[in-house]
């Protein structure tokens, strides 16, 4: 697949702090790539480098194969949706969407109105054009900010944690809408977030950053099931690390199953790709359809404390203090 954007050995420092450290990444045309990492990892700085608000101290940024060194922000054909949407409060929705078009100077009023009408219809906000930002819900504001970026027909859409200010239920709804819009318009999108659930549900590719370094890139399934190191495993979902035969196994809480029998009687019957873990329940957390247990292991090399998730209907008889036996496939080794 053709690369729409390519970063080559990109580095940037604020003073003595290396915020972006030798990052190389390819973004395919029409894809949804998420830059995922904790606060301060360099993900927003990376977005600002791509958009042209910052210039890298070393490395290259290529859009459609063209080096962007020295290319001004308004000439890069890159759209930006900011964390707080940055809508102009004194302008109507229609005026907000048209703002960038008016700066181009080469479009008539009729052409601008036509473009605003088309993108508004596409995003389902045509009935909001006469309203002002303070009259909109969070989800509606997000769509207006998206329309303002997309009406300029950018080559790449950049989004900086655009759902972070929404409540949990609305965030889930807007996330579904955003995915549908991106897939329908086939716009190459780079999305920044610290929320692993957002990254897993939206992306065709995830790039995990920490301390300015790109630790791993891959599909959501690759990142979740095949993390390359402990940081990626523990940041993208919950992870247990259990030492076995001199190796460290990574086991997700939902990979555990309740085993029958005892460790001593079953040990010789256990397949080579399965691990049995005995332990005592320290605490439980009811999560609705699932219940999460924290368990002090007694049979592993390092006596780790692990977390296990079970379907609530199958574990209603378990209590704090109970001794239980767990089994899990040895799926991934760190």
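Numbering (UniProt numbering), first residue to last: 1 to 334. Every residue gets a Cβ at the ideal spot worked out from N, C-alpha and C, and that includes glycine. Fair warning: this is a prediction, and the values are worked out from it, not measured in the lab.
What residues in its chain sit with their C-beta under 8 Å from that of residue i, if we drop five residues either side in the sequence?
i: residue 82; result: 145, 160, 162
i: residue 54; result: 12, 45, 48
i: residue 273; result: 329, 330
i: residue 186; result: 30
i: residue 340; result: No statement about residue 340 is possible, as the shown extent of the chain runs from 1 to 334 and does not include it.
i: residue 335; result: The structure shown does not extend to residue 335, since the chain is modelled only from 1 through 334, so no value can be given for it.
i: residue 134; result: 89
i: residue 343; result: Any question about residue 343 goes unanswered here, given that the chain covers just 1 to 334.
i: residue 303; result: 296, 297
Whole angstroms is fine: what's the gap from residue i's alpha carbon to residue j's?
i: residue 260; j: residue 61; result: 56 Å
i: residue 18; j: residue 42; result: 9 Å
i: residue 176; j: residue 170; result: 10 Å
i: residue 256; j: residue 102; result: 58 Å
i: residue 319; j: residue 327; result: 19 Å
i: residue 154; j: residue 74; result: 10 Å
i: residue 293; j: residue 334; result: 23 Å
i: residue 113; j: residue 91; result: 15 Å
i: residue 140; j: residue 156; result: 22 Å
i: residue 110; j: residue 181; result: 26 Å
i: residue 195; j: residue 221; result: 16 Å
i: residue 56; j: residue 9; result: 10 Å
i: residue 240; j: residue 275; result: 13 Å
i: residue 205; j: residue 38; result: 17 Å
i: residue 58; j: residue 315; result: 55 Å
i: residue 236; j: residue 224; result: 6 Å
i: residue 209; j: residue 108; result: 44 Å
i: residue 138; j: residue 193; result: 17 Å
i: residue 68; j: residue 173; result: 36 Å
i: residue 77; j: residue 247; result: 49 Å
i: residue 322; j: residue 32; result: 45 Å
i: residue 27; j: residue 199; result: 15 Å
i: residue 189; j: residue 168; result: 23 Å
i: residue 203; j: residue 258; result: 33 Å
i: residue 332; j: residue 252; result: 10 Å
i: residue 123; j: residue 183; result: 13 Å
i: residue 14; j: residue 22; result: 15 Å
i: residue 158; j: residue 317; result: 49 Å
Once you ignore the five residues that flank residue i on each side, which residues in its own chain have a CB closer than 6 Å to its CB?
i: residue 95; result: none
i: residue 279; result: 295, 296, 297, 298
i: residue 254; result: 309
i: residue 217; result: 207
i: residue 97; result: 116, 147, 148, 151
i: residue 93; result: 128, 129, 131, 144
i: residue 52; result: 73, 76
i: residue 197; result: none
i: residue 285; result: 292
DSSP puts residue i in a beta bridge; with which residues?
i: residue 94; result: Residue 94 is not bridged to any residue.
i: residue 218; result: 206
i: residue 332; result: 250
i: residue 283; result: 294
i: residue 191; result: 34, 159
i: residue 5; result: 27, 63
i: residue 240; result: 251
i: residue 323; result: 280
i: residue 305; result: 296
i: residue 311; result: 290
i: residue 257; result: 327
i: residue 213; result: 210
i: residue 274; result: 329
Near residue i, which residues of its chain fall below 7 Å by C-beta distance, leaving aside the five closest residues on each side in sequence?
i: residue 263; result: Reliability of the predicted coordinates at residue 263 is poor, the pLDDT of 49 falling under 50, and the value obtained from them is presented with this limitation in mind. Here the set comprises 276, 278, 299, 325.
i: residue 290; result: 309, 310, 311, 312
i: residue 20; result: 10, 11, 12, 42, 45, 46, 49, 212
i: residue 71; result: 52
i: residue 66; result: none
i: residue 6; result: 26, 62
i: residue 164; result: 83
Using a Cβ-Cβ distance cut-off of 8 Å, determine whether residue i contacts chain B.
i: residue 85; result: No chain B is part of this structure, which consists of one protein chain only.
Counting only runs that start and end within the region 8-89, where is the alpha helix (DSSP H) found for 4 or more residues in a row? DSSP runs (the alpha helix (DSSP H)) wholly in the region 8-89: 43-51.
Decide if the region 221-234 is in contact with the region 291-303; the criterion is three or more beta carbon pairs, one per stretch, under 8 Å apart. Below 8 Å, too few C-beta pairs join the region 221-234 and the region 291-303 to call them touching: fewer than three.
Please give the ranges of any beta strand (DSSP E) in the region 97-177, keeping only runs that are unbroken, at least 3 residues long and fully inside the region. Entirely contained in the region 97-177, the beta strand (DSSP E) runs reaching 3 residues are, in chain order, 156-160.
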